[in-house]
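With full-length UniProt numbering applied, the sequence shown corresponds to residues 1 to 1256, in that order.
Positions of the beta carbon are idealized from the N, C-alpha and C atoms, including for glycine.
As the structure is a computational prediction, the values presented were derived from the model and not from experiment.
Worksheet for the structure shown next.
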Amino acid sequence: MNKRIDKKRKKLIVNTSKVKQRFGIRKLTTGVTSVLLGAFLIWGGGATAQAAEGTPTNDNEESSNISNDSSNIKDVKEVTLPTSQESADKTNVAPSTTNSPQEAEQPAPTTINEKKSDKAVVQSSNVANKEDESANKDQDYEDKQSSILKIQNNQQINSNILKKNLTESKVEDSLKDFHFTGAISSFKNTTAGKDENYLTFKDGDTAEIAYQIQGFGGTGSKSGFFYDTPNSYLLLIPKGFVADGKVTASYAYGNYTISSQEVLHGIGKNGEDYIKINCPNTPYYGAPVAAKINLTAKLKEDDGGYVSYNNSLPSPFMAINNGSFSSSNDVQLGNTTYHIANNEWDQNLNYTLIPGKQALDSNNFNISSSTVELHPGDTTNSGYEQLNATINLTHHVENGDYLDFHLGLPLQDGKILPYDTQLSDGFDAKYQGTTIGHVFKMDGYYRLVFNTAVNQFFGNSGSSFTDTFHLKWNSGTANPAIRKPTSVTDHNFGKPFVYQYTSDKNQNQELFGYTPTNDVNIGGKVSASGLTIGGQYIYHGKILQCNQSNGSSVVFSINRIWDKNNHVQIYTNWYNNEAVSIAIKAKDPSKSASNNFAITVIVGQNPYLTYNWTSDTDLANQIKKTIAYYHTHELSNPIQNDNNILTQDKDTKGAQLPDGSVTVTHEEKIENGVVTRTYHVKISNPEVELDGAISPLGVSASGFTMPDNIRSYSEDVANAEANKKGNFGGTDDLSANTSNETLKKALEDTDTIKVAISNESETTSKNVSGVLGSPWFAKIGYSGSNLGPNGDDPSNYITTKLIFKDDSGNVVGPSDGFKFQGKSGTTISFNGVEQELVDLINQGYNIDHVASKSGNTETTISPSGDKNKISSYNFGNISTASATPDEFIVYLKASHAPITDTSKKVTETVHYIFQDENGQVLNTPTRDDHHAELDFTGTKPYGSKDSDPFTYDDGKTFNAVTIDPQLGFKLISAKTADGTDVLDGNSEGINHNTPNVVVNVIFKAQPQADLTDTKNVTETIKYVFQDANGHVITSTSRKADSQTLTFTGTRADKNDQFAYDEPKSFDAVAIAAQAGFDLISATNDASHADVLGDNAVKQIAGIKHDSAPVNITVVFKAQPQNNPGGNPQPSTPDKPVTPVQPSTPNTPETPVVPTTPDVPGTTPETPTTNPEVPGTPSVPNTSEAPHKQEVTVDTTKVSETPVQNIGESTETKQQGQKLPQTSNQNGSHLALAGLAVTAIASLFGITGERKRKGKN
């Protein structure tokens, strides 16, 4: 376990901040690997990397043990003193691989550089947090920051440097404000024959633990290598061990002694012992002291399993604060309350105690069934795999008999690789209320240790005992390590557990699924879980590792972290950084960016947000750092029974591609509150590839405070659900709410960062990424462990703010001010205030005075230096809510009040000019000029000098003016005096000093012949008379009526369309009565609409210039005649004569149904004698009653409508149904002849006979 402590010791020298800023990373585009980015060199403090879509932590790194050994510390003669940069280089965060998209990793601490320029570098390093006010108090520490002591066995001490550092200024008083940073420097297995790093212990094994006493800061007198002030410390005897002798001190300098020590039995949180040591003086970083304890494992019945400690109080190593230390917390240990100094160093200690006596013999149990389930997590619980195993005991057990439960891959080296490593805490195994054993959480597996109480449940026959156990392997993230794919094309089965070589470069890093057959092991009995786990192909040979697709990720701040006790750690610095991955040669060639590409970044402007644009030089340097390397992968550690499936991938980085030169230029424009910046990148080497991401922009803000009414993680997440609005918020845990209403509204209203990548290798730029982006995010984190002194009850966080007011009492700058939120004892500071003050001073303000305000009482704060610097004012510490000021007010004084100028005006005159066809100006027609005016307001803000210019609200626009047409003229142009064409546009960009605008509108006369047109549409009404039986008769007729509508069309230009005076209506036409006839109908021939009104043809509306002629047919029917004889008396028909041939009608544009022509003939002579009375006619057969056959006639082709009469022969019918064509004279003759034949036939009563013959 020694590696972890060694890393921590190295990191401590460069990170003394109490506050560790957090950040997360979220993948935004399909196919883009989430990139674990380090700090962007923008914010001070620490940071936590989180892959919102499942970037797994390195389990080996997280659980690695202490490697540094100080057991021979007295033999150390010299120490190598690295620079801070060397220390930083050793703690860089490496990129992580992406797991499932749904997975969300818990944060792990690292540090982050302060921003030193307008850049955001995609890597992390560790430097001292210069904003840490406690570090500033120790000038001696500041002087030596670049040469900090690191004690290791193989290093030596430069005694001259050390003596100089330790003996400079001596203060004759007690130690004050000292920062305790005690740590576990080593923990190792000292059992004979065991590797010291094998931290698994059984009863009787031995170990050694070393606690390193050190600190920094503070003021007090020193003698030689140590502060003169005595102090006391509490050292843990870890669970399962007893101390083997007393604590001994190891040191490199001087002579350090322990005055006294005593064992405090059973006061630990798990009943552990502590040793209290009293020391006559206090070591610090320059000369730390190691307090070592030899240990022997002595396991009690309930000892066993995986044991883990951290710096949560009570922690393994604690300093008792007797007034020397900067801050402390009260901790109850046994019956005593101790003031424990806050420790700024993690104290991770992890090992395993082996419980039980002997494994249960495989012949003494059976496994009835075993199944494994995958369970996704939620906002408070991680995902997990659950093993459900039913165990059948066939023989009685002895105390200490045990069964081990493994879920994971068996390897050829005999080990088992668990799928997930976070196990549930141990628990008693109970059956019917009786404890039959205990389940211990081991290192990646469970051990069930039985006691003899289980034997009573074997039954009367004593044959067997059966019970089912449910055991969980937790991932620590929202999803288990194993993922169920969502489709047949989805090959993402979660975290890759196995690897297989491939000879195909294109297959490199592709995912596949692997289904083990032996991944459940219970007491040595093996079965299959049924799970399919993640696998990955690895190219066997040297390969260039590079981006395969273009994409964008966002790195966001984690503004709150909660633990399981509902304690919270709050970070009020908010930021979102955009990270862009460029695929020079994409897997899809059409999406390749090439070595000549552009990155376009679009973002909304807001004065409350800070924009950290990357300079061209810094972006070029970032690109150089992402030039791809060749990699060689060595696979090892095969699974059982298959040498081709391996579980370890050793990635060796080889040579980097030559980058040549990288040139970056940019252009920027601001329109409507949106900034668009395009970086143009040219890399001279056309074969270059990139691997990783670069960051063109980061956006930040201070004062992201938590609302006062939130008291738990679940409340925080629920509050976030209602907080998502506008441009802010993603999933609930990425939508943290803030009580800073000004910042909240800024995030809702401001356009988020959008990115587009373009290939510029061709003449035309080609977008190869689409538009990438996301909402603004603010993360709510959750830690399953205790936050310790870093966290606190949310009710203990107090919020205050700082605002600026001018000498009139008006708030200037952000209306909601700058907020700070912290717990009791936290030093109040306001991020971003210094820059705001610089801006206000540039506007002519100066600080008059600064005051704190509580209620209605204001107290002036005196500056310690330059009164125009915020750093000169001490705002104190957060105390109780009543004791902390509500706000701090910076009162400003200006040279004079704002001045306004409203005298500037600009007019616009539109003048109309009419010309003849030759361009000569005409006196007529005329039109009045159009006038408009724009007013401008100029202002000088507070603090302006008399010589300072006004700032006007320039950039206005005259409204568009509609130009009405002029009959007979064509609109030619509309131009200003300088020739600018403003036709179909506005006069834009008008400033207060723009000359008055005159626009001349030119009309030119058009030839009149081409500008008018006339169209006629006629309505014709024809009259048809029928006998009582409905047959058309010609003996009565009436001349057709007609009326014509005339339409006039006009246009301004011969190329324009005519505009007609339409629509119009045909007037209603009265229909005169006809003696002996009834008016039956009036019908529109074209539409068949009934147009009969009250003895009139109705008015017909909606007629346009291009409407077809309207033809109306009016029908009269003869009134019936009385017959006294009762027998039908046929009338004497007119004697037919040869009709006069009508003239050939002209063909109309639209065919019109002609009126029925009069039948010419002579009136027959009246007989002189009475005609012979005809005989009684025969009664026709009623079953063969004659019928009327209707014929539909196309009126657009027929000049006369023929009517088929009763009694026609078959030939006559056929001729009647063959419609005569318009202008066909023969058709007219045949129609008249047919009428004559029909009339004669009816006289002789032969109609029925002919019809029967026709049918036969």
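Taking C-beta atoms under 8 Å as the contact rule, G459 and K441 fail to qualify, at a distance of about 31 Å. For the pair Q1043 and E1019, the CB atoms are nearer than the 8 Å cut-off. By the Cβ-count criterion, P686 is exposed, with fewer than 16 other Cβ atoms from all chains shown falling within 10 Å of its own Cβ. In the structure shown, E301 falls within a coil segment according to DSSP collapsed to helix, strand and coil.
In the DSSP assignment, the residues bridged to A598 are H680, S758. In the three-state reduction of the DSSP assignment, D733 falls in the helix class, which pools H, G and I. Around F830, the same chain offers L802, F818, F820 as residues with beta carbons nearer than 6 Å, after the five sequence neighbours per side are excluded. The segment 1019-1031 and the segment 1105-1124 touch, with no fewer than 3 CB-CB distances between them shorter than 8 Å. Your pair P696 and V580 checks out as a contact, with CB atoms roughly 6 Å apart and the cut at 8 Å. Non-local beta-carbon contacts of T676 in its own chain, meaning distances under 6 Å to residues more than five positions away in sequence, involve I602, K669 in chain order. Listed as beta-bridge partners of D651 by DSSP are H633.
Here W345 is not bridged, per DSSP, to any residue. By the CB criterion at 8 Å, D954 and N996 fall outside the cutoff. Distance from the CA atom of N993 to the CA atom of A977, rounded to whole angstroms, is 16 Å. Distance from the CA of R483 to the CA of T532, rounded to the nearest whole angstrom, comes to 8 Å. For I258, no alpha helix (DSSP H) run applies, since DSSP gives it neither H nor E. Only residues of its own chain outside the window of five on either side were considered, and among them F178, F180, A341 have a CB closer than 6 Å to the CB of F325, listed in chain order. Close CB contacts of E510 within its chain, under the 6 Å cut and outside five residues either way in sequence, are with Y537 (chain order).
From the listed residues I391, V498, G444, G844, the smallest Cα separation to L353 is found for G444. Looking at the DSSP output, L236 shares a beta bridge with Y274. Assignment of E908 by DSSP, reduced to helix, strand and coil, places it in the strand class. When C-alpha distances from W776 are compared across T763, E748, T800, the shortest belongs to E748.
Using a Cβ distance threshold of 8 Å, G788 and N310 count as a contacting pair. Listed as beta-bridge partners of N474 by DSSP are Y384, Q422. The segment 1001-1009 makes contact with the segment 914-925, as at least three CB pairs between them are under 8 Å.
In the three-state reduction of the DSSP assignment, K1004 falls in the strand class. In the DSSP assignment, the residues bridged to D642 are I639.
By the CB criterion at 8 Å, P485 and F493 fall inside the cutoff. Beta-bridge partners of D792 (DSSP): V568. By the Cβ test, the segment 282-295 is in contact with the segment 204-215, since at least three Cβ pairs between them sit closer than 8 Å. S557 is positioned such that its CB atom lies closer than 8 Å to that of Y571. In the DSSP assignment, the residues bridged to A210 are S186, K292. When DSSP assignments are scanned along the segment 1017-1068, the uninterrupted stretches of beta strand (DSSP E) that are 3 or more residues long and fall wholly within it turn out to be 1041-1050, 1064-1066. The DSSP-derived three-state label of N350 is strand. If you look at T880, you'll find it isn't in any beta strand (DSSP E); DSSP assigns it neither H nor E.
Judged by DSSP secondary structure, L892 falls within the beta strand (DSSP E) whose first and last residues are 887-894.
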